[in-house]
Amino acid sequence: MRIAFCSSEVFGFAKTGGLADVAAALPAALVKRNCKLKVFMPLYKGIAPQKMHKDYGTTISGGIEFFFIKNDEYFLRDSIYVGKDGRDYPDSVERFAFYSRRVLEILKGIDFKPDIIHCNDWQAALVNVYLKTLYSKDKFFENTKSVLTIHNMAYQGMFPKKKFSYIGIDKKYFDQKYLEFYGKVNLLKGGIVFSDMVTTVSPTYAKQIKTKGYGCGLEGVLAQKGKHEIGILNAIDYNIWDPSKDELIFQEYSPSELEKKTVNKLGLQKELGLGEDSSKFVLGMVSRLAEQKGIDILSDALDTILEEHQVVILGLGEPRYHKILKEKEKKFKKSLSVSLKFNEELAHKIYAGCDVFLLPSRFEPCGLSQMISYKYATLPLVNHTGGLADTVIDVEAGGGGFVFNKYDSKELIRTVKRAAKAFKDKKTWQSILKKVTKYNFSWEVAASRYIRMYEKLLREKNS
Ligand code: ADP
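Letter by letter, the sequence shown follows residues 53 to 515 of my numbering.
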């Protein structure tokens, strides 16, 4: 099967969140299943392709050809989506319209007729829009089916009406049946309407987004897709996330030597200037600091949690959360560490060195951190929503995590207390840790689900 995979970020080249992890790991897993993959992303600052062509670069790695679409004015910027004010660049329609057109033109230029074009999120959604508008009569793509994967409904790529002309499609598509959304241009909506299949990253989130609130206004459009809207659970790459061969952590460990986690805990405490004490209950968090991630309830709960325990936070995001968390850190120097940066190495150290990993998300399309935590024998503590509901079962129900059912700081505190109590029972705690390290959230399983979906789609007649 020939697949063109389009994503605005790919781990190894550019990453701001889970999308990048998926965009690296899923193509790699598909290649192992004999698919032919071309992956398309913009040529951002800092990316050095192996070969430069006139207006794109290429790199071949792991059997995949990566295409980097060049436009220095659009893509050579310090940050990939947002300006210093924290808002989407106002010319993102132009930027990603340019990117999307180039994807289709390059496919023709290199004569790669894809069976499937698989786009991700609003940044790449226009590829599928163009396929059904500007290229609808193009014989080259007559047998191509299009898939859009939504990693988060909260990011839709919405822009003022005046930006519509930059997309370059007939103005009849500025209509509520297509790209128009309450007077604005909505790129994700266009992608949903025009894609043959829409997927999201967990079964529960796939159901949730067809309901008010979770669908962020697009619940009706999604509900209309019927069986062409499904959830496929994300996975993680165990080549990157494996404490037995992780060179970024203080001490590697396998499931049979979990006592070595102590070295990682002490190392983390020392590096971050926390009280060095292996008996302390340490909770960690590695996250975008966005409203979605539960920072509100966590900051309300922190004072109580920090009376007895330690908390380590690594994250970057909204300035208001930076401020709140840094102020708390000043107050609790020996028990709270807040690192406001994006840092792979510290992330690995946190997964390895903590006892519990916090995911108090208000909503969560899938979440990767809980799967990573299991592998590092760090138990996730989560709000029951989206992908977290699909992957974390409470220890009291025989699972390997701590779950609360109401988005509220009191519930969070109660659950932390329950986890801390469980931590004191060393024997039971160790047996839960052993169990979760055996969980398998590998891309092999997820990739076969994607292939089944592609095959089913290819059997359908062109509409
Ligand atoms: P989202 O895509 O909503 O940000 P996910 O749970 O799907 O959330 O993926 C988050 C990924 O990004 C995980 O691999 C997590 O470890 C990583 N990550 C998030 N923030 C940081 C950070 N500040 N430094 C390093 N890694 C981070």
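Quick reminder that beta carbons are idealized off the backbone N, C-alpha and C, glycines included.
- Query: Any idea if residue 195 is buried or exposed, counting beta-carbon neighbours within 10 angstroms, 16 or more meaning buried?
  - Reply: exposed
- Message: Three or more C-beta pairs under 8 angstroms: does that hold for the region 246 to 266 against the region 376 to 384?
- Response: no
- Task: Provide the residue(s) that pair with residue 460 in DSSP beta bridges, ordered along the chain.
- Result: Note: residue 460 sits in no beta bridge, so no partner.
- Is residue 454 near residue 435, with beta carbons less than 8 angstroms apart? no
- Query: Residues in its own chain within less than 6 angstroms of residue 101 by CB, not counting five upstream and five downstream?
  - Reply: 109, 110, 111 and 120
- Message: Taking 6 angstroms as the limit between beta carbons, can you name the residues of its chain near residue 461, skipping five residues before and five after?
- Response: 349, 352 and 353
- Query: Closest by CA to residue 155, which one among 142, 171 and 299?
  - Reply: 171
- Item | Own chain, CB closer than 6 angstroms to residue 333, minus 5 neighbours either side, in chain order | 361, 407, 472 and 475
- Measure the Cβ-Cβ separation of residue 256 and residue 202 and say whether it is below 8 angstroms. no
- Message: Check for me: the beta strand (DSSP E) holding residue 212 runs from which residue to which?
- Response: 210 to 212
- Query: How is the beta strand (DSSP E) around residue 438 delimited, first residue to last?
  - Reply: Element bounds for residue 438: not the beta strand (DSSP E) but the alpha helix (DSSP H), 438 to 443.
- In angstroms with no decimal places, state the Cα-to-Cα distance between residue 509 and residue 91. 20 angstroms
- Please report the Cβ distance between residue 240 and residue 209, rounded to the nearest whole angstrom; I am assuming they are in contact, meaning their Cβ atoms lie under 8 angstroms. 6 angstroms
- Message: Counting C-beta neighbours from all protein chains within 10 Å, is the total for residue 316 16 or more, i.e. buried, or is it exposed?
- Response: buried
- Who pairs with residue 56 in a beta bridge, going by DSSP? 90 and 169
- Item | For residue 66: DSSP bridge partner residues | 62
- Query: Looking only at its own chain, which residues have a Cβ that is under 8 angstroms from the Cβ of residue 399, when we skip the five neighbours before and after it?
  - Reply: 338 and 366
- Task: Taking residue 432 as part of the beta strand (DSSP E), name the residues at either end of that continuous run.
- Result: 431 to 435
- Using only the heavy atoms of the ligand ADP, determine whether one of them is closer than 7 angstroms to the beta carbon of residue 414. no
- Is residue 161 helix, strand or coil when you go by DSSP? helix
- From residue 88 to residue 75, what does the alpha carbon distance come to, in whole angstroms? 15 angstroms
- Query: Straight-line CA distance for residue 144 to residue 304?
  - Reply: 42 angstroms
- Item | Through-space distance from residue 331 to residue 483, alpha-carbon basis | 18 angstroms
- Integer-rounded CB distance, given that residue 53 should sit under 8 angstroms from residue 168: 7 angstroms
- Task: Taking only the alpha-carbon atoms, compute the straight-line gap between residue 227 and residue 181 and give it to the nearest angstrom.
- Result: 14 angstroms
- Message: Less than 7 angstroms separating the Cβ of residue 61 from some heavy atom of the ligand ADP?
- Response: no
- Message: I'd like to confirm something about residue 180: is its beta-carbon nearer than 7 angstroms to some heavy atom of the ligand ADP, or not?
- Response: no
- Is it true that the region 368 to 381 meets the region 443 to 454, where meeting means three or more beta-carbon pairs spaced less than 8 angstroms apart? no
- Task: Would you identify the three-state DSSP class for residue 201, choosing helix, strand or coil?
- Result: strand
- Helix, strand or coil for residue 290 per DSSP? coil
- Using the C-alpha atoms, what's the distance from residue 235 back to residue 225? 12 angstroms
- Message: Starting from residue 117, trace the alpha helix (DSSP H) in both directions and tell me its first and last residue.
- Response: Premise fails: residue 117 lies in the beta strand (DSSP E), 116 to 121, not in any alpha helix (DSSP H).
- Message: On the criterion of 16 or more Cβ atoms from any shown chain inside 10 Å, does residue 205 qualify as buried, or is it exposed?
- Response: buried
- Looking at residue 58 and the ligand ADP, is the gap between the Cβ and the nearest heavy atom below 7 angstroms? no
- Query: Can you list, in chain order, the residues of its chain whose CB lies under 6 angstroms from that of residue 146, leaving out five sequence neighbours each side?
  - Reply: 218
- Query: For residue 425, which option in 479, 216 and 290 has the closest C-alpha, if you only look at C-alpha atoms?
  - Reply: 290
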